[in-house]
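Worksheet: the structure to be examined is printed underneath.
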Amino acid sequence: MEDLSPICSQVRRDIVRMVHAVQSGHPGGSLGCTEFFVALYFHVLRHDPKRWDMDGTGQDLFFLSNGHISPVWYSVLARSGYFPVKELATFRKLDSRLQGHPTTHEGLPGVRMASGSLGQGLSVGIGAALAKRLNSDDHLVYTLHGDGELQEGQIWEAAMSAAAHKVDNLIATVDWNGRQIDGDVDDVMPLGDLRAKWLAFGWDVLETNGKRHG
Ligand SMILES: [Mg+2]
Numbered sequence: 005m006e007d008l009s010p011i012c013s014q015v016r017r018d019i020v021r022m023v024h025a026v027q028s029g030h031p032g033g034s035l036g037c038t039e040f041f042v043a044l045y046f047h048v049l050r051h052d053p054k055r056w057d058m059d060g061t062g063q064d065l066f067f068l069s070n071g072h073i074s075p076v077w078y079s080v081l082a083r084s085g086y087f088p089v090k091e092l093a094t095f096r097k098l099d100s101r102l103q104g105h106p107t108t109h110e111g112l113p114g115v116r117m118a119s120g121s122l123g124q125g126l127s128v129g130i131g132a133a134l135a136k137r138l139n140s141d142d143h144l145v146y147t148l149h150g151d152g153e154l155q156e157g158q159i160w161e162a163a164m165s166a167a168a169h170k171v172d173n174l175i176a177t178v179d180w181n182g183r184q185i186d187g188d189v190d191d192v193m194p195l196g197d198l199r200a201k202w203l204a205f206g207w208d209v210l211e212t213n214g215k216r217h218g
């Protein structure tokens, strides 16, 4: 992360500028996930922005399930070459491809799923992972989820189905920041022992603080 630190700073600037310009959006989760997104797009993902297409055959895929943190995603997509950086200035404006919640019908490169309605990204990721297995494509599928999002029942149905189908080419990440739109996750609906829950659903679990010293 030391090498990627300058990109993280730039992405944070992008997020603040985008949200402040329209006085609308979700800066908290975006800023909190900056290191994750920069590490993913500038170090981990095997992807070629110039060859982007909806199928993503022969490339790693990423699905953002907690779509409201779109500012950080749009920033890393632009900074890694999916679309012009200057387009970030259209965030949340009428007729922009960069809507507050990502959509697919504007055809923004890098976005393969509409998100905003929480709880759906894991199901989509599992479908994509199964498709890669059917196509003998050994690339990986990544998803990101908010911790508040885990209160959605569909997440756990999907988690159970992934184990049932022995999906082994999917990495789902949870931004366990303890906060959601209505307050503390523990006050709204506590997640309990999250590690034990995922283990019980048949998943391998790794924990990190998500920052450079993790
Ligand atoms: Mg949260």
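Take any residue in the sequence shown, note its place counting from 1, add 4, and you have its number in the numbering used here.
In this text, a Cβ means the ideal position worked out from N, Cα and C, and glycines have one as well.
Quantities reported herein were computed from a predicted structural model and do not represent experimental measurements.
Between Asp188 and Ser140, the alpha-carbon positions lie close to 43 Å from each other. When Cβ pairs closer than 8 Å are counted between the two stretches, the segment 103 to 114 is seen not to touch the segment 186 to 206, the count staying below three.
Within the model, the alpha-carbon separation for His169 versus Arg21 is close to 43 Å. Here DSSP, grouped into helix, strand and coil, assigns Thr38 to helix. In the structure shown, Arg101 falls within a coil segment according to DSSP collapsed to helix, strand and coil. Comparing alpha-carbon positions, the option among Glu156, Glu39, Asn173 lying closest to Tyr146 turns out to be Asn173. In this structure, Asp151 is the residue among Thr38, Asp151, Gly129, Val115 with its C-alpha nearest to the C-alpha of Gly196. Around the beta carbon of Leu210, a 10 Å sphere encloses fewer than 16 other beta carbons of the protein chains shown; the residue is thus reported as exposed.
Distance between Thr177 and Gln27, taken at the CA atoms: about 28 Å. Those residues placing their Cβ nearer than 7 Å to any heavy atom of ligand 1 are, following chain order, Gly33, Gly150, Asp151, Gly152, Asp179, Asn181, Gly182, Arg183, Gln184, Val189.
Ranked by Cα distance from Arg50, the options Met58, Gly33, Phe66 are led by Phe66. With respect to the 8 Å criterion, Val89 and Ala82 are classified as neighbours on the basis of their beta carbons. Contact annotation: Leu148 and Cys37 have beta-carbon atoms nearer than 8 Å. CA-CA distance, Val80 to Val15, rounds to 7 Å. Judged by their CB atoms, Leu68 and Pro106 are nearer to each other than the 8 Å cut-off. With contacts defined as CB atoms closer than 8 Å, Ile73 and Phe46 fail to qualify as a contacting pair. Shown here, Tyr86 sits in coil according to DSSP, grouped into three states, outside any helix or strand.
Phe205 and Ile175 have their alpha carbons spaced roughly 14 Å apart.
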